[in-house]
Amino acid sequence: MQLTGDNLTCQRGGRTVFSGLYFSLSGGEAMMVVGRNGAGKSSLLRMIAGLICISAGRLDLSGGEADATLAEQAHYLGHQDALKPSLSVIENLRFWADFLGAAGATLEPALAAVDLTPLAYMPAAYLSAGQKRRLSIARLIAAKRPLWLLDEPTSALDVQSQDRLAGLMRSHLAGGGMIMAATHGPIGLENARELRVGPE
Amino acid sequence: MSAFTSLLLRDMRIAVRVGGGALMGALFFLIVVTMMPFAIGPDLGLLARIGPAILWLGALLASLLALDRLFANDLDDGSLDLLMMGSMPLELAVAAKAIAHWLTTCLPLVVITPVLGLMLNVEMHAMGWVSLTLLAGTPALTFIGLIGAALSVTLRRGGLLLAVLVLPLTVPVLIFGVAAANAAIVGPAPFGPPFTILCALSLASFVLGPVAAAAALRHGLE
Amino acid sequence: MNLGPHADFIIAAYAVTVFVIGSLIAWIALDYSAQRRILGDLEEQGVTRRSLRTSKDKP
Amino acid sequence: MPIIDLANPTRFLNIVNRVLPWLAAATVLVFAFGLARIMGAPDDYQQGATVKIMYLHVPAAWLSMMCWGVMTVAALGTLVWRHPLSDVAGKAAAPIGTAFTFICLITGSLWGRPTWGTYWVWDARLTSMLVLFLLYLGVLALYWTAEDPGRGSRAAAVLALVGAINIPIIKFSVEYWNTLHQPASLFRKGGSAIDPAILTPLLVMAGGFTLLFFTLHFAAMRNEILRRRVRSMRLIQAQELHA
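Protein chains in written order, with my numbering: chain A, 26 to 225; chain B, 4 to 225; chain C, 1377 to 1435; chain D, -9 to 233.
In structure tokens, the structure reads:
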């Protein structure tokens, strides 16, 4: 399974954010997208997730499910947590698991993986920023998708939760998954390659 | 549970929980209808004559204004991004949201119509006909309004823009809805033709609305 | 007692009043037992309020 | 008892637990007495037995206005003195006031059918009650929409105060509007000189409704205090697990 970007260009509001970007990522590999503020790290992730159009170039995922688009095989963890405050923790998770992945996914392991099991029936409104982030991460576990697109995944997480996230990412890679993460600092993956976006 | 039903149930659940807007449309409808006699005067004969028209106008405004937050909340908390990444076509996801909205917001409008008709001195049997036309016509309003909701959310503007975009598109629904109601109540034209056209409008918008709204969302989001 | 020709309306008025007040009472009673139950569950899970003083002498 | 004692929700809960059974018993007794008097009350020479609806309609109207008064006082408590129980009192009163206003409207319309020949007439008093009903629904909607109880209470308190100032103006305007369109008034309910045989049961029923209001209000306040405890305990639970 391989994701390749070929001469990618991103234009937003008439401004070229980045151009001529090449990369390739194979199963089991992680890639850190680095660059200055405004260099287009988030734009690149959103482009791969199919949320903004590709101005020029090609994106290709080979070796995945034949009839699924790239966006349907990717998880996107953005700056917002996509949680509804009036729904409980488990209701939020069940909805995204049903919507994004296989119906009837088991949610308990996903909740346990982010250590939210005791709060399963609490409305999401009561959660702290870090707990909301963890619930958002549980979505990646509950619905299986090979490509994880993580935009600043460690924001709002304490050290312990960052370690837990690193463990989850490692086991995702070990299972043949791929990770692309936009980040300003280390997120606990040792063999990750770097992809620099925008000017040095 | 399939993605479609899970989205439908989730939106309905949010609407009826604390902070949701399930009955707000019905409340707005009640207030609009109450305001009318203050402008027109409490003449019961006159109110009975124009009652069906008042009810239709009130239902039109209530069902459109309630659409304002349909996509805006999902945009604000990032859910909209994920809704576009589902394995289900975006058109279906949008349709699920619209159906949930119709069930929680427009169905209550139809249910309280007889009570409001009572206040406007519309006769008992006439109220049944008005409710029936609203039941057949409000899906068209919701699905046409869906397009406006999608357009206004991509521009990150809500409220009046939605009404400005959508109200002209609802003219046929209003014409045939009131025509069908009046035909049933006072005649002399038969009830069948305008009511059939009203149903046809609902069915057509059921197809057109989600397709156009999904297109607006896809092309509008950057 | 003779309610005259409009007995239906009088009975309906009293019935509606009883129904509305009855549902209000039922809602308040159900809400009370629900809140007590949730409080009991939370206390069983070992959650204590910041003002311990008040949680002890609750009936 | 000094009001400051009541500021402590736990103290208030203890008092409510002690007072509520007595209050409920008194309500039942007064209602039983009132209903017995209504049975024996004479019919009106014009309206016949339908005057019996008045014993529900008029007290419900009084109580719906008194309830807004309670909410106004609670609103002052919330906004001016920041009294912890005022939020609770205001929130607990809103649904009860809505229910009484609803009773007033429904009984008015059921009384109107035999009297006027139609269920609803845009008569000045009924219309004012309808506007009051809409105001109540607005307050309920505000509580319903606000996810944070404190913010919702303050918003509803402002609305309650604005409403209290506005209600007399609304009443005046509606009366003006009504006379403008219908110079000949339809039928005046009650009348200036009420027969004591009718007045006594009316006052007894008004007393019963007042007792009922306070019974329900105290019980609803108790629920609201418990609900806030649940909320704060859940927040603590979420916090402890975060650590």
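Glycine included, C-beta positions come from ideal geometry on N, C-alpha and C.
- Chain-ordered, the chain B residues with CB closer than 7 Å to the CB of Y109 of chain D read L121.
- D:P191 is the residue among D:T205, D:P191, D:L225 whose C-alpha sits nearest the C-alpha of H47 of chain D.
- Within the segment 27 to 57 of chain A, no residue has its Cβ closer than 9 Å to any Cβ of chain D.
- Under the 7 Å criterion on CB atoms, F1395 of chain C is classed as non-interfacial with respect to chain D.
- Of all residues in the segment 125 to 153 of chain A, only D140, L141, P143, L144, M147, P148, A150, Y151, L152, S153 place a beta-carbon less than 9 Å from a beta-carbon of chain D.
- Counting only the Cα atoms, V97 of chain B lies some 24 Å from L174 of chain A.
- The beta carbon of L127 of chain D sits closer than 7 Å to some beta carbon of chain B.
- In this structure V114 of chain A is not in contact with L182 of chain A, their Cβ atoms being roughly 17 Å apart against a cut-off of 8 Å.
- Nearest C-alpha to G202 of chain A among A:S44, A:A135, A:G52, A:R83: A:G52.
- Of the candidates B:G195, B:S90, B:L73, B:P117, the residue whose Cα lies closest to the Cα of D92 of chain A is B:S90.
- Of B:A99, B:G81, B:P117, the smallest CA-CA separation from L33 of chain B is found for B:P117.
- Around the beta-carbon of V125 of chain B, 16 or more other beta-carbon atoms lie within 10 Å, marking it buried.
- A distance below 7 Å separates the beta carbons of N213 of chain D and Q1411 of chain C.
- One alpha carbon belongs to G140 of chain B, the other to P171 of chain B, and they sit about 16 Å apart.
- Of B:A25, B:W59, B:L60, the smallest CA-CA separation from L73 of chain B is found for B:A25.
- A direct Cα-Cα distance of roughly 12 Å separates L30 of chain B from L64 of chain B.
- The closest CA to that of C94 of chain D, considering only C:A1402, C:P1381, C:V1392, is found on C:V1392.
- Less than 7 Å divides the Cβ of F43 of chain A from the Cβ of V222 of chain A.
- DSSP places D85 of chain A in the strand class (E or B) of the three-state scheme.
- In the structure shown, G39 of chain A adopts coil according to DSSP, grouped into three states.
- By alpha-carbon distance to L1406 of chain C, the top candidate from D:D77, D:R217, D:L225, D:R221 is D:R217.
- Counted as a single uninterrupted DSSP element, the alpha helix (DSSP H) harbouring A103 of chain B occupies residues 93 to 104.
- Taking the Cα of C109 of chain B as reference, the smallest distance to any Cα among B:L135, B:L49, B:I53 is reached at B:L135.
- Contacts with chain B (Cβ-Cβ distance below 7 Å) from the segment 155 to 168 of chain D involve W167, N168, listed in chain order.
- The way I'd put it, the segment 4 to 24 of chain D does touch the segment 200 to 215 of chain D; three or more beta-carbon pairs between them come closer than 8 Å.
- In terms of beta-carbon proximity, D123 of chain A lines the interface with chain B, with at least one pair separated by less than 7 Å.
- In the structure shown, the three-state DSSP call for V58 of chain A is strand.
- The shortest C-alpha to C-alpha distance from K161 of chain D to any of D:G80, D:S118, D:V63 is the one to D:S118.
- Across the structure, P(-1) of chain D and P158 of chain D are spaced so that their CA atoms are roughly 34 Å apart.
- With respect to L214 of chain A, A168 of chain A sits apart: the two C-beta atoms are not nearer than 7 Å.
- Going by beta carbons, S208 of chain B and I147 of chain B fall inside the 7 Å limit.
- In terms of Cβ geometry, L189 of chain D and V20 of chain D do not form a close pair [threshold 7 Å].
- For I178 of chain B, the enclosing alpha helix (DSSP H) begins and ends at 174 to 188.
- Distance from the CA of Y1390 of chain C to the CA of G151 of chain B, rounded to the nearest whole angstrom, comes to 47 Å.
- One thing to note: L211 of chain B has its Cβ no nearer than 7 Å to the Cβ of G180 of chain B.
- With 16 or more neighbouring CB atoms inside 10 Å of its own CB, D77 of chain B falls in the buried class.
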